[in-house]
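Residue numbers (this note's numbering): 12 to 129.
Where a beta carbon is used, it is the ideal one built from N, C-alpha and C, also for glycine.
One structure is given below, encoded as C-alpha coordinates.
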(Lines of atoms letter the chains of each structure in order from A; the text may use other names.)
(Lines give C-alpha, C1' and ligand atoms only; values in the text may rest on other atoms or scores of the structure.)
Protein backbone atom coordinates (compact mmCIF):
# COMPACT_ATOMS: atom_id res chain seq x y z
CA UNK A 12 0.00 0.00 0.00
CA UNK A 13 1.08 3.53 -0.81
CA UNK A 14 -0.24 6.60 0.94
CA UNK A 15 0.06 10.20 -0.21
CA UNK A 16 -0.45 13.02 2.26
CA UNK A 17 -0.93 16.48 0.76
CA UNK A 18 -0.72 19.80 2.52
CA UNK A 19 -0.44 23.48 1.79
CA UNK A 20 -3.71 24.31 0.10
CA UNK A 21 -5.96 27.15 1.16
CA UNK A 22 -7.26 30.58 0.31
CA UNK A 23 -4.86 33.09 -1.15
CA UNK A 24 -5.31 36.51 -2.71
CA UNK A 25 -4.51 37.12 -6.37
CA UNK A 26 -0.80 37.72 -6.75
CA UNK A 27 -0.03 35.67 -3.68
CA UNK A 28 2.01 32.52 -3.26
CA UNK A 29 1.42 29.01 -2.05
CA UNK A 30 3.56 25.95 -1.46
CA UNK A 31 2.04 22.51 -1.79
CA UNK A 32 3.68 19.44 -0.30
CA UNK A 33 3.00 15.76 -0.82
CA UNK A 34 4.67 13.02 1.17
CA UNK A 35 4.53 9.43 -0.03
CA UNK A 36 4.85 6.48 2.29
CA UNK A 37 4.28 2.75 2.29
CA UNK A 38 5.54 0.06 -0.05
CA UNK A 39 7.83 2.27 -2.09
CA UNK A 40 11.16 1.18 -3.46
CA UNK A 41 11.70 3.86 -6.05
CA UNK A 42 9.59 6.66 -7.46
CA UNK A 43 9.95 7.50 -11.15
CA UNK A 44 7.85 10.63 -11.29
CA UNK A 45 6.14 12.92 -8.83
CA UNK A 46 3.81 15.68 -9.79
CA UNK A 47 0.69 17.73 -9.36
CA UNK A 48 -2.52 17.81 -11.32
CA UNK A 49 -5.52 20.04 -10.80
CA UNK A 50 -9.20 19.96 -11.54
CA UNK A 51 -11.41 23.02 -11.57
CA UNK A 52 -15.20 22.75 -11.41
CA UNK A 53 -16.62 21.59 -14.70
CA UNK A 54 -13.19 20.93 -16.20
CA UNK A 55 -11.02 17.90 -16.75
CA UNK A 56 -8.08 17.12 -14.56
CA UNK A 57 -4.91 18.57 -16.04
CA UNK A 58 -1.21 18.32 -15.42
CA UNK A 59 0.29 21.27 -13.57
CA UNK A 60 3.87 20.10 -13.07
CA UNK A 61 5.81 16.85 -13.05
CA UNK A 62 9.35 15.92 -12.13
CA UNK A 63 11.06 12.64 -12.91
CA UNK A 64 13.84 11.03 -10.92
CA UNK A 65 16.12 11.93 -13.80
CA UNK A 66 15.37 15.60 -13.33
CA UNK A 67 13.06 16.09 -16.31
CA UNK A 68 10.30 18.60 -15.66
CA UNK A 69 7.01 19.28 -17.40
CA UNK A 70 4.92 22.35 -16.70
CA UNK A 71 1.55 23.37 -18.01
CA UNK A 72 1.87 26.43 -20.23
CA UNK A 73 -0.51 28.29 -17.93
CA UNK A 74 1.89 28.04 -14.96
CA UNK A 75 5.29 28.34 -16.65
CA UNK A 76 7.33 31.03 -14.97
CA UNK A 77 5.07 31.00 -11.92
CA UNK A 78 5.49 27.47 -10.68
CA UNK A 79 8.49 25.47 -9.50
CA UNK A 80 8.39 21.79 -8.69
CA UNK A 81 11.01 20.05 -6.59
CA UNK A 82 11.39 16.79 -4.74
CA UNK A 83 13.25 15.38 -1.77
CA UNK A 84 13.99 11.80 -2.70
CA UNK A 85 15.15 10.89 0.79
CA UNK A 86 11.75 11.89 2.14
CA UNK A 87 9.70 10.77 -0.89
CA UNK A 88 8.22 14.23 -0.90
CA UNK A 89 7.36 16.57 -3.74
CA UNK A 90 6.85 20.32 -3.44
CA UNK A 91 5.21 22.82 -5.71
CA UNK A 92 5.84 26.50 -5.20
CA UNK A 93 3.27 28.66 -6.94
CA UNK A 94 3.68 32.42 -7.25
CA UNK A 95 1.67 35.23 -8.79
CA UNK A 96 -1.47 33.20 -8.32
CA UNK A 97 -4.51 34.02 -10.43
CA UNK A 98 -8.19 33.28 -9.88
CA UNK A 99 -7.99 30.77 -12.71
CA UNK A 100 -5.57 28.74 -10.62
CA UNK A 101 -8.46 27.90 -8.33
CA UNK A 102 -8.91 24.14 -8.33
CA UNK A 103 -8.44 20.98 -6.35
CA UNK A 104 -4.80 19.99 -6.63
CA UNK A 105 -3.92 16.30 -6.66
CA UNK A 106 -0.54 14.79 -5.98
CA UNK A 107 0.48 11.95 -8.28
CA UNK A 108 3.38 9.54 -8.17
CA UNK A 109 4.49 6.87 -10.61
CA UNK A 110 6.63 4.08 -9.23
CA UNK A 111 9.71 2.65 -10.88
CA UNK A 112 8.47 -0.88 -10.36
CA UNK A 113 8.46 -2.29 -13.85
CA UNK A 114 4.82 -1.57 -14.50
CA UNK A 115 4.64 2.09 -13.53
CA UNK A 116 1.96 1.92 -10.89
CA UNK A 117 0.44 5.31 -10.25
CA UNK A 118 -1.09 6.65 -7.09
CA UNK A 119 -3.15 9.73 -6.34
CA UNK A 120 -3.58 11.87 -3.29
CA UNK A 121 -7.00 12.88 -2.03
CA UNK A 122 -6.62 16.43 -3.24
CA UNK A 123 -6.19 19.80 -1.61
CA UNK A 124 -8.28 22.85 -2.43
CA UNK A 125 -6.56 25.98 -3.65
CA UNK A 126 -8.75 29.05 -3.93
CA UNK A 127 -7.44 32.31 -5.33
CA UNK A 128 -9.79 35.12 -4.51
CA UNK A 129 -9.85 38.58 -3.02
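By the Cβ neighbour-count rule, residue 99 is exposed, with fewer than 16 other Cβ atoms within 10 Å of its own. The way I'd put it, the stretch 26-35 does touch the stretch 107-124; three or more beta-carbon pairs between them come closer than 8 angstroms. Rounded to the nearest angstrom, the gap between the Cα atoms of residue 13 and residue 40 is 11 angstroms. Comparing alpha-carbon positions, the option among 78, 47 and 54 lying closest to residue 118 turns out to be 47. In this structure, the straight-line span from the alpha carbon of residue 92 to that of residue 52 is close to 22 angstroms. Taking every protein chain shown into account, the CB of residue 17 has 16 or more other CB atoms within 10 angstroms, so this residue is buried.
Residue state for residue 69 is assigned as strand, using DSSP reduced to three classes. About 4 angstroms separates the beta carbon of residue 80 from that of residue 60, a gap short enough to meet the 8 angstroms contact definition. Ranking 88, 54, 21 and 77 by CA distance to the CA of residue 94 puts 77 first.
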